[in-house]
Amino acid sequence: MENQFTLPTETVELPSKGLLYPEESPLSSGNIEISYMSAKEEDILTNQSYIKEGTAIDKLLRSVIKTPINYNDLLIGDKNAIMIATRILGYGKDYEFRFREETHN
591 MENQFTLPTE TVELPSKGLL YPEESPLSSG NIEISYMSAK EEDILTNQSY IKEGTAIDKL
651 LRSVIKTPIN YNDLLIGDKN AIMIATRILG YGKDYEFRFR EETHN
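Just so we're aligned: 650 in our numbering is position 60 of the sequence shown, and the numbers increase by one with no gaps anywhere.
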């Protein structure tokens, strides 16, 4: 018996509400299923070749999307929503940062 580990998934509501996709597309439901990030996705995000090529985000999204779709059919606004949802699922909803206020003389 083969051990297979599957990550939990979440349903993300698309900003387009699916209205701009053909009826036969799974995207027309207005939702898409994505998995939580794993070490595989962390590796994608830190892969220097992907970063230099500008393909890291597309590869990440292709990896987490579980709904059977043609990735190239996704509207940019829907891709952005999936990216934000992926970030929240992977790192939480808070984004902490520090800044240093510079004084100008």
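Yeah, the Cβ is synthetic: ideal placement off N, Cα and C, and Gly gets one too.
Boundaries of the beta strand (DSSP E) in which residue i is found, first to last residue
| i | result |
| --- | --- |
| Glu623 | Asn621 to Ser625 |
| Thr599 | Thr599 to Glu603 |
Whole-angstrom distance between residue j and residue i, CA atom to CA atom
| i | j | result |
| --- | --- | --- |
| Asp668 | Lys642 | 24 Å |
| Thr687 | Asn670 | According to the sequence shown, residue 687 is Phe rather than Thr. Phe687 and Asn670: Cα-Cα distance of roughly 21 Å. |
| Ser625 | Phe689 | 32 Å |
| Leu610 | Ile672 | 16 Å |
| Ala675 | His694 | 39 Å |
Any non-hydrogen atom of the ligand SAH closer than 6 Å to residue i Cβ
| i | result |
| --- | --- |
| Phe687 | This structure does not include the ligand SAH; it has no bound ligands of any sort. |
Residue i versus the options, residue with shortest Cα-Cα distance
| i | options | result |
| --- | --- | --- |
| Leu635 | Asn621, Glu623 and Val654 | Val654 |
| Glu631 | Arg652, Asn621 and Gly644 | Arg652 |
| Pro605 | Lys683, Leu679, Leu664 and Lys649 | Leu664 |
The alpha helix (DSSP H) enclosing residue i, as first and last residue numbers
| i | result |
| --- | --- |
| Tyr640 | Gln638 to Glu643 |
Measuring CB atoms only, is the segment 617 to 633 touching the segment 641 to 660, in the sense that at least three cross pairs come out at less than 8 Å? yes
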